[in-house]
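Protein chains in written order, with the numbering used here: chain A, 5 to 419; chain B, -11 to 598.
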């Protein structure tokens, strides 16, 4: 079969957010045994087409009471042994269950991976796959701007540390640079921690900035989306001083909504608006609002924002023009609000980035510990995993020039 | 002399010796042809065996019943376990050997096993390339054989250089196999040139060892061999010294007379074994290079200067050497030189070490592009075994890269090709934590048996070791500490082998060495498993054949760049495609979808089964 990875994969199948129930899918040879383990069931309890109400345990504590359905090989969606866990829709316990599964040897699935396995096992035909593939390509983890840059920086640091470890192993006779390795890897640990924090922030808080000329209805929209009366709303242009932020859930996706002062480029608010534009780093989405759509986004904003959704605000006050490609909304009548919500909740990327970043951090921390206990061989192995994972995020293949060969270019060795 | 031999081995170096012995173990009659029988088993450079990864190879050769390990144990003068404080998976056992005694011991093994010896120069293969029936020799004419192993070392069109001296030879004092090389070239074998070098040899008495730092030998009962080899009881002192600014200045002064700088040497040398002048050019800020001073033998009057390989003129070498602490009055017995030689391009060799365009000719050792005695011995063993198997009308065997450094080396040489002489590094093995020097016996038993080169005695030893290891594993699986099974407890970071032994009650009386080895297996088990899974998923891509694809340019599922690259490279399988630089994982996934779609439309029209 085409490139099936024998690893057990798992993923949350339901959207992020709070709900009554959520579904976690697990697929791969060994899924039954894995669930029997976390649920403390007797062996083979889940063999065959079974269902079981039970608890998932972490140590002594029960994390959640769940219903699991088991699907044997050949009779499941993917064609492999599969388990569907129906758990309560509380983000905390969902995360805990995923964590447990990963600890026990599963790994978070990449976008579309279940479908890919289904196809490879002949469970989906080509037409179905093409449709899914189109969806899958949209969801490809394209991390641009600052995220990609920090990932590239991290990769360079990882490569450097690996080179010194490998160089030290192979040429230990000729090199006394033992002392440099520990501080270098300790520095790398803090880089990895920073990266992980950033990754989590990116996924949890995709920033949506509401921008536009003064008094175009930004704060009203903001309040509408946040569901509260927080921002000052008045008819006087420029009444929102600093702008406010709040974390909202729209269509199950969590994001950070930022209201901004009128970006007029004039008067007292000029500084405030320039500060806002400076904060843009290419990863935000900007909702650009102007009354009747009359003011297009400023070029500075266009350059720096990740994506711009143009809105014709206060549609209740104007007529629809021909060739109108903008979303018309009215906070008064509610026109276009649903359409807008759908648009902004289509955020690319999945939970993979923070999962990968956590894995990288763990590998590097463990590698550092291994150096301290003089287990260079294990440390080298862990660093290799960290490098592979980082390359995977960047979409680079695993064609790494041997670390030791890179080292040879920089080390004066040889007898 | 016989009418026709089963296997003819060309060359009596480290590869040739193991090839001859292995072919013998397959039950073949073997003749070894060497230009100077007295120099069989000679150590051309460093009088030492082993090192990081290389030491493991020696043990692997021993597990396949080769002779290198036993000879190394018997003639050892000095021992060190390298990387002792870096983790057991990268430990490198290394010995200094008595060079003369080592060669004599290897010769003894050859003679005892009934290998016939002919002193002559092989001038070419005999017969058409796809049906070689023997070799042609200068003195003895045609010697017929059913299979051939070429283990000519650095002798194929060997050219030696020192200053402005150039002369023919594979090694100082030896011939150059020019005719054999010409024959291979005439038969359209693709050959390339490599270079290597060697330092000067110094008269021992002329060195003031009081000025040098001593490097003591470790007192250890370590044996390379898993069988009952005899361990030498002699030790000698080894020393170190270092170069200084003065040495560097001398090298700089004579640099214009270096044959490499003058462009007279085209072959590429290894980055990990540069000549001293290479180091001076590449790392000019570095003043002090460590030089190891190694006696060539217990009663030998020669020191070997490890780290001062050079092809500068005699005058330069003499001045450089005299600038080293302790060498003020040094007397040089042989000057250093560089050697440039031909080797076979990797496209000519398959994974069983057979030359692809022939039915019965195998290549081993430096002519494959490797460097090092240990690497040569390993390749010789496999080539000899497979030559023997061909004669017995059996399929030649392959060694997996997941299981041994030998497997890694053969796979690297044959699939990736080389741009400098190949030397084993531990990081070449993805499965390094499994491929250790302590478990070579258990790792290679299965493949060795399948190759048919294990003697009865060796089989007994290996299978008894395996049984004992299984017994120990059972103990580790059954005992627990604080509620944790001992085999899992081993995996905790920082837990040492001695701690595990203390904590267990049942391990007393068992073989200490095997206990440590099994504990290490458990300790690394998680990582080894992950590696295995990664390898398996890579392997599944190997089964996907790309030959049916006409043109990559129309495949919508992959981006333009990928289409162009694939069209140019035309890989055979998806696995090979994955390895092409610039091809990303999404390109592979796209190809899979394309292929899947193609396959299912065929299936529809064939009413098919998928």
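Heads up, the beta-carbon is just placed ideally off N, CA and C, and yes, glycines get one too.
Treat the numbers as computed from the prediction; the structure is a model and nothing was measured.
- DSSP, reduced to helix, strand and coil, places residue 283/B within a strand of the structure shown.
- At a cut-off of 8 angstroms, the C-beta of residue 360/B has no neighbouring C-beta in chain A.
- Distance from the CA atom of residue 70/A to the CA atom of residue 53/A, rounded to whole angstroms, is 17 angstroms.
- Using a CB distance cut-off of 8 angstroms, residue 421/B counts as an interface residue toward chain A.
- Looking at 328/B, 330/B, 352/B, the one whose alpha-carbon comes closest to that of residue 338/B is 352/B.
- The beta carbon of residue 1/B lies closer than 7 angstroms to those of 139, 141, 353, 364 in the same chain, with the five residues before and after it left out.
- For residue 419/B, the three-state secondary structure derived from DSSP is coil.
- Contact between residue 326/B and residue 145/B is ruled out by a C-beta separation of about 14 angstroms, above the 8 angstroms threshold.
- With respect to chain A, the C-beta atom of residue 334/B has no partner C-beta closer than 8 angstroms.
- Put simply, of 455/B, 456/B, 494/B the residue whose alpha carbon is nearest the alpha carbon of residue 474/B is 494/B.
- In the displayed model, residue 31/A falls within a strand according to three-state DSSP.
- Interface with chain A (8 angstroms Cβ-Cβ cutoff): residue 413/B is included.
- Restricted to the region 266 to 314 of chain B, the alpha helix (DSSP H) segments that are unbroken, complete and at least 4 residues in length are 302 to 310, listed in chain order.
- Distance between residue 522/B and residue 388/A, taken at the CA atoms: about 13 angstroms.
- In the structure shown, residue 2/B adopts helical secondary structure according to DSSP, grouped into three states.
- Proximity of residue 515/B to chain A, defined by a Cβ-Cβ separation below 8 angstroms, is satisfied.
- For residue 367/A, the closest alpha carbon among the candidates 167/A, 393/A, 398/A, 40/A is that of 393/A.
- Within chain B, 74, 75, 78 have C-beta atoms less than 7 angstroms from the C-beta of residue 380/A, given in sequence order.
- Using a 10 angstroms sphere on the CB of residue 75/A, the tally of other CB atoms reaches 16 or more, which defines it as buried.
- DSSP places residue 226/B in the uninterrupted beta strand (DSSP E) bounded by 226 to 230.
- Take the alpha-carbon of residue 85/A and the one of residue 30/A: they are about 8 angstroms apart.
- Its chain contains 228, 230, 295 as the residues whose beta carbon lies nearer than 7 angstroms to that of residue 278/B, once the 5 sequence neighbours on both sides are disregarded; these appear in chain order.
- Going by DSSP, residue 215/B is part of no beta strand (DSSP E) at all; its letter is neither H nor E.
- Here residue 35/B really is in contact with residue 284/B; their C-beta atoms are around 5 angstroms apart, less than 8 angstroms.
- DSSP places residue -3/B within a strand segment (E or B) once states are collapsed to three.
- Approximately 6 angstroms separates the beta-carbon atoms of residue 44/B and residue 428/B; this is inside 8 angstroms, confirming the contact.
- Collapsing the DSSP output to three states places residue 374/B in a helix.
- Using a Cβ-Cβ cut-off of 8 angstroms, residue 384/A counts as an interface residue toward chain B, since at least one Cβ of chain B sits closer than that to its own.
- Residue state for residue 81/B is assigned as strand, using DSSP reduced to three classes.
- In this structure, the alpha-carbon of residue 298/B lies about 7 angstroms from that of residue 305/B.
- Counting only runs of 4 or more residues that sit fully inside the region 48 to 130 of chain A, the alpha helix (DSSP H) segments are 95 to 107, 117 to 124, in chain order.
- Listed along chain A is no residue with a C-beta nearer than 9 angstroms to that of residue 312/B; the closest approach is about 14 angstroms.
- Per DSSP, the continuous beta strand (DSSP E) segment holding residue 14/A begins and ends at 13 to 16.
- Under the DSSP assignment, residue 71/B falls outside any beta strand (DSSP E); it carries neither an H nor an E label.
- For residue 481/B, the chain A residues whose Cβ falls inside 9 angstroms of its Cβ are 370, 373, 374, 377, 379, 382, in order along the chain.
- If you draw a 10 Å sphere on the C-beta of residue 279/A, you find fewer than 16 other C-beta atoms in it, and that means exposed.
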